[in-house]
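Q: Chains as they are written, first to last, in my numbering: chain A, 116 to 443; chain B, 400 to 582.
Beta carbons: idealized from backbone N, C-alpha and C, even for Gly.
If you're wondering where the values come from, they're calculated on a predicted model, not measured in any experiment.
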Amino acid sequence: MTQVRPHGKTPLYKRERPLWMLLPGGVLMLVVIVVPLLVGVYIAMLDLDQYTLREWFSAPFVGLANFVEAFTDSPLLHSVWISVSLSVLVTAVTVPIGVAAAVSTQNRFPGRGLVRSIYLIPYVLPAFVVGTFFRTMLQPQGVVNTVLGTDVLWLNGSASYWALAGVMIWTSWPFVYLLSLAGLQAVDNEVHEAAALDGVTWWAKLRYIIFPYLRGPLSLAVIISILHNINNFTLPFVLFGIPLPSSVEVMPVLTYIASFQSFRFGLSAAMAICSLVIVAIPLFVYLRAVKLDTGDDAGPSRKQRRSDRLTLAAATPAAAADLDGARA
Amino acid sequence: MSAFSTTRTRPTATLTESITTGGARRRTKRPYDTDVTRLLPRWLLVVVIAVIIAFIAAPVLYILFGSVNSDVAVARGEYFPSEFTLANYVEIWNTVALGQGLVNSLLTAGAVAVASAALAVSTAYVLVRFRFLGRLTILRGLLALQSIPGPSCSCRSSSSSPTSRARPVCRSSAPVGASSSRT
Chain A
116 MTQVRPHGKT PLYKRERPLW MLLPGGVLML VVIVVPLLVG VYIAMLDLDQ
166 YTLREWFSAP FVGLANFVEA FTDSPLLHSV WISVSLSVLV TAVTVPIGVA
216 AAVSTQNRFP GRGLVRSIYL IPYVLPAFVV GTFFRTMLQP QGVVNTVLGT
266 DVLWLNGSAS YWALAGVMIW TSWPFVYLLS LAGLQAVDNE VHEAAALDGV
316 TWWAKLRYII FPYLRGPLSL AVIISILHNI NNFTLPFVLF GIPLPSSVEV
366 MPVLTYIASF QSFRFGLSAA MAICSLVIVA IPLFVYLRAV KLDTGDDAGP
416 SRKQRRSDRL TLAAATPAAA ADLDGARA
Chain B
400 MSAFSTTRTR PTATLTESIT TGGARRRTKR PYDTDVTRLL PRWLLVVVIA
450 VIIAFIAAPV LYILFGSVNS DVAVARGEYF PSEFTLANYV EIWNTVALGQ
500 GLVNSLLTAG AVAVASAALA VSTAYVLVRF RFLGRLTILR GLLALQSIPG
550 PSCSCRSSSS SPTSRARPVC RSSAPVGASS SRT
């Protein structure tokens, strides 16, 4: 990013910027996101339930009482733990699968297009459909127990946590695959040739040459994947139904129950805001740490590339020995 | 022959061999796409693809098999159908308003796709091509939107949310808010 020094009247980079093109998107965001969010903050400070809903502007103002109740007298913290641990677990498992899938379809071979389309099946199936047929499969007499020869209650009790994790992994890994595939496209052919000239083994090539290119796309994939998993409402809702087993009582469904089952709209809004804050703080720390938010971090930096080259040389003593031998 | 199937290769020979001895049809078209760019040895490639496809196919084939099986057999926990019936495919047109649902979906999805493409392209064009005050704030805000939890926005990440009445409104927030979210 080079800064052009302004001299003369208007600097070149400032002239004729069509900033008005931000307006349609901006207005839409204002109407469908910012305004509801502010209304939500206001509702969180009202004692709004089914009795006061009809004239909700005149519902009693209770200040922070809803927040106090959310923390002290509701399963909010429990569900935060469930959501966060589930989502970190799922992301940790999906990243290797996605990278392996991307690496396996990077080179051309007959039928690659077919394999790539098959990889996307879990991604294009609607979450509702995925939830429905996994619910059928995970029934006590269902096909999972029949095939495994077990007698586990997947949709009740503590095993439901692992059932949900498994289904989330199954349905969310192609997202990592897509972003890794985009990262792999950025590897120059010269890099491959240099590696081949140095006689690198396939693993050293992957580890020290290819994977550094995936750092940017993968950091983005990790953060978006974690956020989507935390906010996943449909899958647990369809898979287990209401009420959820307490071991999969995730945040979005808890908020939904508080609103539309218990009709405590104020409490529900307070819960939603708490979980928003809980998610947003680590998000911003992470964004600062990986410098993703500027959009300037595509692929390894120049400095990174140079250090990669050095580690490459250090990583292939066999190749260096070969070259020395050939020279002698 | 793979360039990386053995641990040691004669480097220069590998490069030239792979370029000159390429017998496949594609290689004449794309000379750069040779064994030099190969990432995995062939046996590992086959293993990885087979494992991942099996992982995907097990539940997907179950849907297919279940659809031609009888209800009782599915409930009993059969994977492979014990009988073959297409009655389910006839019934879906009578028991639920499938045709109307498909039309509704197509109309909604088409309209949303056109609108979100227009909005997203114009927004992205300005954000990427120009520098201005507040650009970083907007970029951060777009990512931060992904963190808004709760059922009110769950329709962003899944097309068939139970709160389907709110869907059109929420979906239309997707272009700017969730450029890479799943549909």
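#1: Could you check where the alpha helix (DSSP H) with B/GLY476 kicks off and where it finishes?
#2: Looking at the structure shown, is A/ASP188 part of a helix, part of a strand, or coil, going by DSSP?
#3: If the criterion is Cβ atoms closer than 9 Å, does the pair A/PRO360 and A/LEU270 meet it?
#4: Our contact map puts A/VAL363 next to A/SER275 with C-beta atoms below 8 Å; I'd like the distance itself, whole angstroms only.
#5: Out of A/ILE325, A/TRP318, A/VAL147, A/ALA385, which one is the CA nearest neighbour of A/HIS307?
#6: If A/ALA310 sits next to A/LYS320, beta carbons under 8 Å apart, how far is it from one beta carbon to the other, in whole angstroms?
#7: Does the region 506-524 of chain B touch the region 132-142 of chain A, meaning 3 or more C-beta pairs lie closer than 8 Å?
#8: Per DSSP, which one or two residues make a beta bridge with A/ARG379?
#9: Which residues, taken in chain order from the region 129-144 of chain A, show a beta carbon closer than 7 Å to some beta carbon of chain B?
#10: For a contact defined as C-beta to C-beta under 7 Å, what are the partners of B/PHE543 on chain A?
#11: Jot down the residue ranges of each uninterrupted alpha helix (DSSP H) in the region 222-256 of chain A, minimum 4 residues, whole runs only, in chain order.
#12: For A/TRP285, which residues in the same chain have their Cβ closer than 7 Å to its Cβ, ignoring the five residues on either side in sequence?
#13: Expressed to the nearest angstrom, what Euclidean distance is found between the alpha-carbon atoms of B/ILE448 and B/LEU485?
#14: Quick check on A/TYR371: buried or exposed, where buried means 16 or more other Cβ atoms within 10 Å of its Cβ?
#15: Can you give the Cα-Cα distance for A/PRO444 and A/ARG132, rounded to whole angstroms?
#16: Among A/LEU168, A/ALA280, A/VAL177, which one has its Cα closest to the Cα of A/VAL365?
#17: Could you confirm whether any beta carbon from chain A is found closer than 9 Å to the beta carbon of B/ILE491?
#18: Can you find the residues in the same chain that come closer than 7 Å, C-beta to C-beta, to A/SER340, ignoring five residues on each side of it along the sequence?
#19: Is the shortest distance between the beta-carbon of A/GLU308 and the beta-carbons of chain B less than 9 Å?
#20: Within the same chain, show all residues whose beta-carbon is closer than 7 Å to that of B/GLU477, passing over the 5 residues directly before and after it, in chain order.
#21: Are the C-beta atoms of A/ILE181 and some chain B residue less than 9 Å apart?
#22: Could you tell me whether the region 244-264 of chain A touches the region 349-359 of chain A, using the rule of 3 or more Cβ pairs below 8 Å?
#23: Roughly how many angstroms separate the alpha carbons of A/ALA489 and A/THR187, rounded to a whole number?
#24: Does the beta carbon of B/VAL495 sit closer than 9 Å to a beta carbon anywhere in chain A?
#25: To the nearest whole angstrom, what separates the beta carbons of A/GLN221 and B/LEU438, a pair I think is in contact under 8 Å?
#26: At what residues does the alpha helix (DSSP H) containing B/THR494 begin and finish?
#27: At which residues does the alpha helix (DSSP H) containing A/PRO358 begin and terminate?
#28: So what does DSSP say about A/ARG132, is it helix, strand or coil?
#29: So what's A/PHE176 in DSSP terms, helix, strand or just coil?
#30: State the start and end residues of the unbroken alpha helix (DSSP H) segment that holds A/LEU138.
#31: Can you find at least 3 beta carbon pairs, one from the region 527-535 of chain B and one from the region 381-395 of chain A, that sit closer than 8 Å?
#32: Does A/THR265 get closer than 9 Å to chain B when you measure Cβ to Cβ?
#33: In angstroms, rounded to a whole number, what distance separates the CA positions of A/GLU305 and A/ASP313?
A: This is what the structure holds:
#1: Within the second sequence, numbered from 1, the residue matching residue 476 of chain B stands at position 77. Counting along the chain, B/GLY476 falls outside any alpha helix (DSSP H), and DSSP gives it neither H nor E.
#2: In the first sequence, residue 188 of chain A corresponds to position 73, counting from 1. It is coil, neither helix nor strand.
#3: To locate residue 360 of chain A, count along the first sequence from 1; it is residue 245. To locate residue 270 of chain A, count along the first sequence from 1; it is residue 155. The answer is yes: Cβ separation under 9 Å.
#4: Mapped onto the first sequence, residue 363 of chain A falls at position 248. Mapped onto the first sequence, residue 275 of chain A falls at position 160. Going by Cβ atoms, the distance from A/VAL363 to A/SER275 rounds to 5 Å, so yes, they are a contact pair.
#5: Taking the first residue of the first sequence as position 1, residue 307 of chain A is located at position 192. Checked all of A/ILE325, A/TRP318, A/VAL147, A/ALA385; the closest Cα to A/HIS307 is A/ILE325.
#6: Working through the first sequence from its first residue, we reach residue 310 of chain A at position 195. Working through the first sequence from its first residue, we reach residue 320 of chain A at position 205. Taking 8 Å as the upper bound for CB-CB distance, A/ALA310 and A/LYS320 are in contact here, some 5 Å apart.
#7: Taking 8 Å as the limit for Cβ pairs, the verdict is that the region 506-524 of chain B does touch the region 132-142 of chain A.
#8: Stepping through the first sequence from its first residue, residue 379 of chain A is reached at position 264. Within the DSSP secondary-structure output, A/ARG379 pairs in a beta bridge with A/ASP164.
#9: Correct list: ARG132, PRO133, LEU134, MET136, LEU137, PRO139, GLY140, LEU143, MET144.
#10: Locating residue 543 of chain B in the second sequence gives position 144, where the first residue counts as 1. In the sequence on display, residue 543 of chain B carries Ala and not Phe. Chain-order list of chain A residues neighbouring B/ALA543: ALA395, LEU398, by C-beta distance under 7 Å.
#11: DSSP runs (the alpha helix (DSSP H)) wholly in the region 222-256 of chain A: 227-234, 236-239, 242-252.
#12: Walking along the first sequence from the start, residue 285 of chain A turns up at place 170. When the five nearest sequence neighbours on each side are left out, the beta carbons in the same chain lying within less than 7 Å of the beta carbon of A/TRP285 are those of PRO237, in order along the chain.
#13: Taking the first residue of the second sequence as 1, we reach residue 448 of chain B at position 49. Taking the first residue of the second sequence as 1, we reach residue 485 of chain B at position 86. Their backbone Cα atoms lie some 32 Å apart in a straight line.
#14: Translated into the one-based positions of the first sequence, residue 371 of chain A becomes position 256. Its Cβ being crowded by 16 or more others within 10 Å, A/TYR371 is buried.
#15: The structure shown does not extend to residue 444 of chain A, since chain A is modelled only from 116 to 443, so the question has no answer here.
#16: Stepping through the first sequence from its first residue, residue 365 of chain A is reached at position 250. Distance check between A/VAL365 and each of A/LEU168, A/ALA280, A/VAL177 places A/ALA280 closest, using alpha-carbon atoms only.
#17: As a working note, residue 491 of chain B is residue 92 in the second sequence. So, not an interface residue.
#18: Taking the first residue of the first sequence as 1, we reach residue 340 of chain A at position 225. Apart from sequence neighbours up to five positions away, the residues of its chain that approach A/SER340 with a beta-carbon distance below 7 Å are THR206, THR209, SER287, PHE290, VAL291, ordered along the chain.
#19: Stepping through the first sequence from its first residue, residue 308 of chain A is reached at position 193. Interface criterion met: the Cβ of A/GLU308 is under 9 Å from a Cβ in chain B.
#20: Locating residue 477 of chain B in the second sequence gives position 78, counting from the first residue. Excluding the 5 residues flanking it on each side, B/GLU477 has same chain C-beta neighbours closer than 7 Å at ASN468, in chain order.
#21: Translated into the one-based positions of the first sequence, residue 181 of chain A becomes position 66. Inspection of the sequence shows that residue 181 of chain A is occupied by Asn rather than by Ile. Interface residue (Cβ-Cβ distance to chain B less than 9 Å): A/ASN181 is not classified as such.
#22: Output reads yes: the region 349-359 of chain A touches the region 244-264 of chain A.
#23: The question about residue 489 of chain A has no answer here: the residues shown for chain A are numbered 116 through 443.
#24: On the second sequence, residue 495 of chain B is found 96 positions in, with the first residue counted as 1. No, its Cβ sits nowhere closer than 9 Å to a Cβ of chain A.
#25: Mapped onto the first sequence, residue 221 of chain A falls at position 106. Mapped onto the second sequence, residue 438 of chain B falls at position 39. Contact holds; Cβ gap of about 5 Å.
#26: As a working note, residue 494 of chain B is residue 95 in the second sequence. Note, B/THR494: alpha helix (DSSP H), 486-494.
#27: In the first sequence, residue 358 of chain A corresponds to position 243, counting from 1. For A/PRO358, no alpha helix (DSSP H) encloses it, and the DSSP letter there is neither H nor E.
#28: Locating residue 132 of chain A in the first sequence gives position 17, counting from the first residue. The answer is coil: DSSP assigns A/ARG132 none of H, G, I, E or B.
#29: Your numbering for residue 176 of chain A matches position 61 in the first sequence. In the three-state reduction of the DSSP assignment, A/PHE176 falls in the strand class.
#30: Here residue 138 of chain A corresponds to residue number 23 of the first sequence, with the count starting at 1. Counting along the chain, A/LEU138 sits inside the alpha helix (DSSP H) bounded by residues 137-144.
#31: Verdict: no, contact absent.
#32: The residue labelled residue 265 of chain A in the question sits at position 150 within the first sequence. Closer than 9 Å: no.
#33: Position 190 of the first sequence holds residue 305 of chain A. Position 198 of the first sequence holds residue 313 of chain A. Distance between the alpha carbons of A/GLU305 and A/ASP313: 12 Å.
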